[in-house]
Amino acid sequence: GTFGYYAGTEDRQGSESKSQAGEQHAPDEPNNERMGNSIHFKASDMGHDIAAWYLGTIYQYDLDDNDTAIKYYLIAAEREYPYAYESLGKIYGSIYVREYEKAIKWYLKAYDLGETKLAGEIGYLYLQINKLNEALKYFEEAIKNNDTTIMKLLAKLYSEGQGIYKVDYIKAFNLYQKASLLEDGEA
């Protein structure tokens, strides 16, 4: 592996057993009473992908530690846990990290597994790195999935004529109207 959480034979802080050579090794446990002697650390060390992903969510949302969250999400992703792909896309695309290429990579893995609800996120990230044709492709998919946020964003782009989006007030109006109807439960 290429990550810093692999261990040889040394003990992990707070671990009572030695890891075997080549086994994945989770980052150190936080010194936090809420986590205590969590079974999730043990389960993650034993290879349970859901436990590693869950620890990532704890670090990201409860402990506000994106770096450690990423380490756990990567453990789960290496074990091909689909929600880890989405979580990595979300964290890399966040305002805190802004690594859009990495975010796209991980979101696409989840998207390819059927998480089509991510089309809007993928399109938005492509927009951020000025890959406008790719953005439009995923925006159109998001519109098919009734993503009202993307409908309004695309309507704004059409009304202002940004990038490849030539001013088209009719398209803009139709998108705003469809989003409004969906949000009001009338569509």
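To convert a position in the sequence shown, counted from 1, into the working numbering, add 119.
Note that the Cβ used here is the ideal one computed from N, Cα and C, for glycine as well.
Since the structure is predicted, the reported quantities are computational estimates derived from the model, not experimental observations.
- Residues Gly239, Gly242, Phe258, Ala261, Ile262 of the same chain have their beta carbon placed closer than 7 Å to that of Ile269, with the five preceding and five following residues left out of the count.
- Following the DSSP letters along the chain, one finds Tyr178 in no alpha helix (DSSP H), marked with neither H nor E.
- Around the beta carbon of Asp303, fewer than 16 other beta carbons lie within 10 angstroms, which makes this residue exposed.
- Here the alpha carbon of Ser299 sits roughly 11 Å from the alpha carbon of Asp266.
- When Gly280, Ser278, Pro201 are compared, the shortest CA-CA separation from Lys224 is found for Pro201.
- DSSP, read as helix, strand or coil, puts Glu199 in coil.
- The straight-line gap separating the alpha-carbon atoms of Leu227 and Gln281 is approximately 25 Å.
- Membership of Gln247 in the alpha helix (DSSP H) is indicated by the continuous run 238-247.
- The continuous alpha helix (DSSP H) containing Leu227 extends over residues 219-231.
- The alpha-carbon separation between Ala188 and Tyr219 amounts to approximately 17 Å.
- The three-state secondary structure of Asn185, taken from DSSP, is helix.
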